[in-house]
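Novice: Numbering (the working numbering), first residue to last: 2 to 922.
C-beta: ideal position from N, C-alpha, C; glycine also.
Structure incoming, see below.
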């Protein structure tokens, strides 16, 4: 028997909760239940705000927020028991999110949570009890300040071209851009192209925004592409051509893209670059603003991307080196440009596959309220040992910066459309680091000025080859005065670093712990759930655990406790000037002291010196467990006769009484920026195929994986998700262009029993000597059997007071999945059963309603009945209890109708539960 229960949503918000048509039940991926058992505990089937919905073979899990969820760049994710269920589709109301379910969700929906960018959305955040954050002392000024305007006047203008069609998108995408050019600059000029991130698409007035595309009548496109005009004007004054392109057409359609729209954004960027190549060759065909400006030098291109735009330009850099599969790409022409570097501002990195041999600068906003886990750190960490190491990959941490204010069109008081501070703050409990008025929080103008300065630093290093700005980006501990009063820190990998001691490369650790960056097991995880805040280095990917992502965790309770990190094979630090460690301590901590020593293969040991490390300003809501770069000169090792060409281990010895620290890596460092060598690496792209289940036999299908390119072999890690458990197994695979290294067979057994579609998902990550484009795909098995019909039969449709009404919901045949059907109360023949005729506790648990004042049940909001029929069964009972009273009264009626999936209202002609209760006196 399936009791009536409280769904937990108002009738007006209940959409798509029943079958596809009258008499058809809905498949639900819940655990199998014995007939007559309750599908869930009595306090409701799902947590508040959650419900099951959908029709026929397409059930849905729906969550509705109690407050608006702004359209942003981080993906909203549904998780169950700590594992990723999937990425839901947002509703037009800004509050409702729907995730199609399939057979892989069969283990159940336990521990449901909603996350976005490392921040939980379905639970109120606490600012904690931390005291006011300490403002870090300013770093020494760098010799060259790239934030100073140049000598050229600038000219601005826009162009609009014919819209384009991109694979996977049903609506055309605009080709619109704003250009800012230097006036009077001689010769061809390097080009900087900007791509904004995911934001509201259209607006009306000062309050209304939408994610619909094309823009509905009466609304205008949000001019997000104009939000970098200050950055463009600074670069143009220094002699660079600049263009910022619009991507509202991608933002309005990327909810359905498996990669979050990265490939579409790459196509859009390269379509614009192709037009610039045409205009360079044929200036008379260019728009006026381009025709009147200096010609662009497309052999020197910098791509600047904000948020999802960052992931888009990263993919564009990859696609410019190795083309993607033609059916996934919106650009099919020749590559007539060279990407010299990228700047990624608060970027997403859903695939966690950065381009290893194209230099990058990633700006991490310390108060990011959108991509709040600062997952963009993977554009640095994820390049280690993948490419040849000549490209500099820098992370720039801007304390007190939020996500939106790098774009003036996303900034209140500056934007044409509605805008907001993405770091939401409780006025009654201000965040000590990021709250309004905090000493560490930047104003919008301060933040934008800092962003402009570091974008200009990247342009000067990557396009102009001016090594004098490198100390601002590579962890050398210098500041650009133009960015004051912002406190900006940096660290880096690549360039002239060598001989790395990497926790991911098979090191052994004594006295400390080799920990997992991502693990559901607290004893293995680098940062457990008790930590106050997050670490960008440990941002979660698409699986609940990952192989090959490690750090060294140090924890000591006395001074003098050593931790030794030993390489599997001796590493060479020959030619290095210093040992560069990337290491962090808990936020807000001060005075952590460590001695650093090296030992060579012959056993000779040399102490390099002592370091003191302070934590970044942080709170429970920030990702402040971020590594500082620490340089230890190697002069002491040289004096001690250490064989720097054969270093076996490094030792960190505590000189504080107690403390914690995490080591990300250690490298030999020397100054300078080498010429970047771009190797031809094999490229892996995973596709998705949908197949019919069939009626009989077993068929074997293979996940479509392409390995292209002209390079040699490389290694990738392949994760295969078990659709029954949701857990992922992994293996290391060697790939070669044109080879079949990634072979994932899927066996499909046909039958004639109705069920849900099942997805067999595969994910791929680069490990060494390879790159990955489309990182996720698989086989989707479509259940092609018709849904059974449903009938309702009264078991006890006419009862005396005190006895329960009961109905049997039956299917025409047994099926392979849970089948659920929802009924809503509707007016019945008078007199109706009232709130006083059913148990008060039952009414509270079922509808969240009080029996007072007495009223017909049809007037109770949120009163729904739900039957769940377990796999292999053909029926279940629904009951409504009644109470016996001493009032003489006529027979009373009650009626429930099956709910329409589109409107949440009873379906005309659909099955009904009707009954009457006779007076017992």
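1. Going straight from the alpha carbon of residue 131 to that of residue 320, what length do you get?
2. Compute the Euclidean distance between the alpha carbons of residue 768 and residue 503, then round it to the nearest angstrom.
3. Is residue 280 helix, strand or coil when you go by DSSP?
4. If you count every other CB in all the chains shown that lies within 10 Å of the CB of residue 922, and 16 or more means buried, which is it?
5. When you compare only the Cα positions, how much space is there between residue 37 and residue 513?
6. Quick one: using the 10 Å Cβ neighbour count with 16 as the cut-off for buried, is residue 575 buried or exposed?
7. Tell me which residues share the same chain as residue 220 and place their Cβ nearer than 7 Å to its Cβ, disregarding the 5 neighbours each side in the sequence.
8. I'd like to confirm the pairing. Which residues does DSSP put opposite residue 176 in its beta bridges?
9. In the DSSP output, which residue or residues are listed as bridge partners for residue 720?
10. According to DSSP, which residues form a beta bridge with residue 631?
11. Which term fits residue 766, buried or exposed, when burial requires 16 or more other beta carbons within 10 angstroms of its beta carbon?
12. Do the segment 164-183 and the segment 240-253 make contact, defined as three or more Cβ pairs closer than 8 Å?
13. Among the residues of its own chain, which have a CB less than 8 Å from the CB of residue 602, if the five just before and after it don't count?
14. Helix, strand or coil for residue 28, going by three-state DSSP, please let me know.
15. Does the Cβ of residue 427 have 16 or more other Cβ atoms within 10 Å, making it buried, or fewer, making it exposed?
16. Look at the Cβ atom of residue 377, then the Cβ atom of residue 365, and state whether they are nearer than 7 Å.
17. Excluding the five sequence neighbours on either side, which residues of its own chain have a C-beta within less than 6 Å of the C-beta of residue 482, listed in chain order?
18. Can you pull the DSSP bridge partners for residue 183?
19. Any idea if residue 390 is buried or exposed, counting beta-carbon neighbours within 10 angstroms, 16 or more meaning buried?
20. Looking at residue 228: is its Cβ nearer than 7 Å to the Cβ of residue 403?
21. For residue 322 and residue 738, I'd like the C-alpha separation in whole angstroms.
22. What whole-angstrom Cβ distance do residue 497 and residue 671 have, given they're in contact under 8 Å?
23. Pick out whichever of 169, 460, 736, 760 has its Cα sitting closest to the Cα of residue 251.
24. Between which residues of its own chain and residue 510 is the CB-CB distance below 6 Å, once the five residues before and five after are set aside?
25. Should residue 894 go down as buried or exposed, given a rule of 16 or more other Cβ atoms within 10 Å for buried?
26. Compare the C-beta of residue 636 with all C-beta atoms of chain D and state if any pair is closer than 7 Å.
27. In angstroms, rounded to a whole number, what distance separates the CA positions of residue 311 and residue 305?
28. Please classify residue 234: does DSSP put it in a helix, a strand, or coil?
29. If you follow the beta strand (DSSP E) that residue 865 is part of, which residue opens it and which one closes it?
30. How many angstroms separate the CA atom of residue 629 from the CA atom of residue 778?
31. Would residue 616 and residue 589 qualify as a contact pair, given that the criterion is a beta-carbon distance under 7 Å?
32. Less than 7 Å separating the beta-carbons of residue 710 and residue 770?
33. In or out: residue 27 buried (at least 16 other Cβ within 10 Å) or exposed?
34. Have a look at 892, 888, 847 and flag the residue whose alpha-carbon is nearest the alpha-carbon of residue 834.
35. What residues in its chain sit with their C-beta under 6 Å from that of residue 657, if we drop five residues either side in the sequence?
36. Under three-state DSSP, which class holds residue 411?
Specialist: Considering the structure as presented:
1. At residue 131 the pLDDT is 48, less than 50, meaning the model places this residue with poor confidence and gives no usable figure here.
2. 13 Å
3. helix
4. exposed
5. For residue 37, the pLDDT reaches just 29, beneath the cut-off of 50, and the residue's location in the model is therefore unreliable, leaving the point undetermined.
6. exposed
7. 203, 204, 205, 211
8. 162
9. 731, 764
10. 582
11. buried
12. yes
13. 571, 644, 647, 648, 649
14. With a pLDDT of only 39 at residue 28, under the threshold of 50, the placement of this residue in the model should not be trusted; the figure read from the coordinates follows. Strand.
15. exposed
16. yes
17. 142, 146
18. 155
19. buried
20. no
21. 14 Å
22. 5 Å
23. 169
24. 553, 566
25. buried
26. Among the chains in the structure shown there is no chain D, since it carries only a single protein chain.
27. 7 Å
28. helix
29. 865-870
30. 36 Å
31. yes
32. no
33. Residue confidence is low: residue 27 scores 39 on pLDDT, short of 50, so the model does not pin down where it sits. No coordinate-derived value is stated.
34. 892
35. 593, 594
36. helix
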